[in-house]
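Report on the following structure.
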Amino acid sequence: MSETQSRPRGMYFEEFTVGQRIFTAGRTITESDIVSFAGLSGDYNQIHTDSVYADQSPFGQRVAHGLLGLSIASGLVVQTGMMEGTILAFREIAEWKFIQPIYIGDTIHVEVEVLETKDLRRLGGGAIVISLDVRKQSGETVMKGSWKALISSRPG
0 MSETQSRPRG MYFEEFTVGQ RIFTAGRTIT ESDIVSFAGL SGDYNQIHTD SVYADQSPFG
60 QRVAHGLLGL SIASGLVVQT GMMEGTILAF REIAEWKFIQ PIYIGDTIHV EVEVLETKDL
120 RRLGGGAIVI SLDVRKQSGE TVMKGSWKAL ISSRPG
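Everything in the sequence shown is counted per numbering that gives the first Met the number 0, starting at 0 for the first residue and increasing by one.
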């Protein structure tokens, strides 16, 4: 019996092109997400965890942690498979802005665009810079910024 090696699901560095766009699936933010993230992070700020307090805030209700939104956005990007088995390292988050609150029940998705590619043969791949525009069901941007990652080159 011969062994076969399957191709990684992710894209190799050479497959990324400036201007390329990828859209993720959506994900609805739940109360359980917020409570779990508070426990994991230790951030029990009342704006996230106390409905009576949050009702009197400028938001009028509890909001998801900004870093919870960022974490879920990261997971949505990973779920596209675009880097699965080909990412060498996550290098940087740049110019991240939290623009609108995310409320319990909001559904977010991510619109990704490749901004830059740089060949780094000595590392066995290259760097990509992608912009992320995290939007909720209304189409409003809730957060945005860019990431840099190292992606492996196609073998051979």
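Every residue gets a Cβ at the ideal spot worked out from N, C-alpha and C, and that includes glycine.
- Its Cα nearest to that of F36, the residue A63 stands out among Q55, A63 and Q19.
- Assigned with DSSP and collapsed to three states, T48 falls in helix.
- For G138, DSSP assigns no beta-bridge partner whatsoever.
- Taking every protein chain shown into account, the CB of V76 has 16 or more other CB atoms within 10 angstroms, so this residue is buried.
- Counting C-beta atoms within 10 angstroms of its own C-beta, G18 has fewer than 16 neighbours from the protein chains shown and is therefore classed as exposed.
- The three-state reading of DSSP puts I101 in coil, since its state is none of H, G, I, E or B.
- Taking one beta carbon from each stretch, the segment 10 to 24 and the segment 45 to 59 have fewer than 3 pairs nearer than 8 Å; the two do not touch.
- Ranking A24, V109, K143 and I103 by CA distance to the CA of Q60 puts I103 first.
- The C-alpha of Q136 is placed about 18 Å away from the C-alpha of S73.
- Judged by their CB atoms, T27 and T140 are not nearer to each other than the 9 Å cut-off.
- Per DSSP, the unbroken beta strand (DSSP E) holding V113 starts and ends at T106 to L119.
- Boundaries of the beta strand (DSSP E) around F22: R20 to F22.
- Y43 and I98 have their C-alpha atoms some 21 Å from each other.
- By the criterion of a C-beta distance shorter than 8 Å, G68 is surrounded in its chain by I28, F97, I101, I107, V133, V141 and M142, once the five residues flanking it on both sides are discounted.
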